[in-house]
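Presented below is the structure to which this report refers.
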Amino acid sequence: MKQEFTITLFSEKQEGLINKVVLILTRRKTNINSFSVFFCKTVNLYRFTITLIETEEAVQNIVYQMEKIIEVFKCYFQTEAELFTHQILLFKFPNSDEKEKQVASIINAFPIIRETDYCVYTSKTHKETIQQLATKIAELDPMNSF
């Protein structure tokens, strides 16, 4: 059954990336309801937000194809109901292999930027669990709690 989905894609700046994303959608004859690109200066990434009406299986295939693009760091989809109950978390930790494994296991996060002295992680979660995550992260690193 067709329903409205929102695809969120994080990428680095790359000429022609919008064309690649739109090409994936037009090959599958998918109508795009909205398409927006936002540059986040703090993490130096672009966030694409695409809304479309399609079946879940078709959207899964589209997201899988978009994740294959080299410049794409992460791509996922949400239904309209999930969109209003989930939030995207971005947070920054000092680089440490041990800490990275702990953080990734606690909040099901993945790194989107790795620098020599810090790493930026992203995760998608429910509103209710954000405070629980904040306390767990504060236990790992009380100096950098939020």
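FYI, my numbering numbers position 72 of the sequence shown as 72, with every residue one higher than the one before it.
Just so it is clear, CB atoms sit at the ideal spot from N, CA and C, and this is done for glycine as well.
Minimum C-alpha distance to residue i - residue among the options
i	options	result
Glu-15	Tyr-46, Glu-4, Gln-131 and Leu-89	Tyr-46
Lys-92	Lys-74, Phe-35 and Asp-117	Asp-117
Ile-70	Lys-13, Glu-82, Tyr-121 and Thr-51	Lys-13
Leu-23	Asn-44, Val-63, Gln-3 and Lys-41	Val-63
Buried or exposed by the 16-neighbour rule on C-beta atoms within 10 Å, applied to residue i
i	result
Thr-55	exposed
Phe-77	buried
Met-1	exposed
Thr-26	exposed
Ser-11	buried
Cα-Cα separation, residue i to residue j
i	j	result
Asn-19	Phe-39	17 Å
Thr-6	Glu-80	7 Å
Leu-89	Arg-114	16 Å
Glu-82	Ser-96	33 Å
Asn-31	Thr-135	42 Å
Phe-110	Thr-49	19 Å
Ile-112	Lys-74	8 Å
Val-59	Asn-108	22 Å
Start-to-end residues for the alpha helix (DSSP H) that takes in residue i
i	result
Val-21	17-27
Asn-61	56-67
Limits of the beta strand (DSSP E) - the one that residue i falls within
i	result
Glu-4	3-11
Gln-78	72-79
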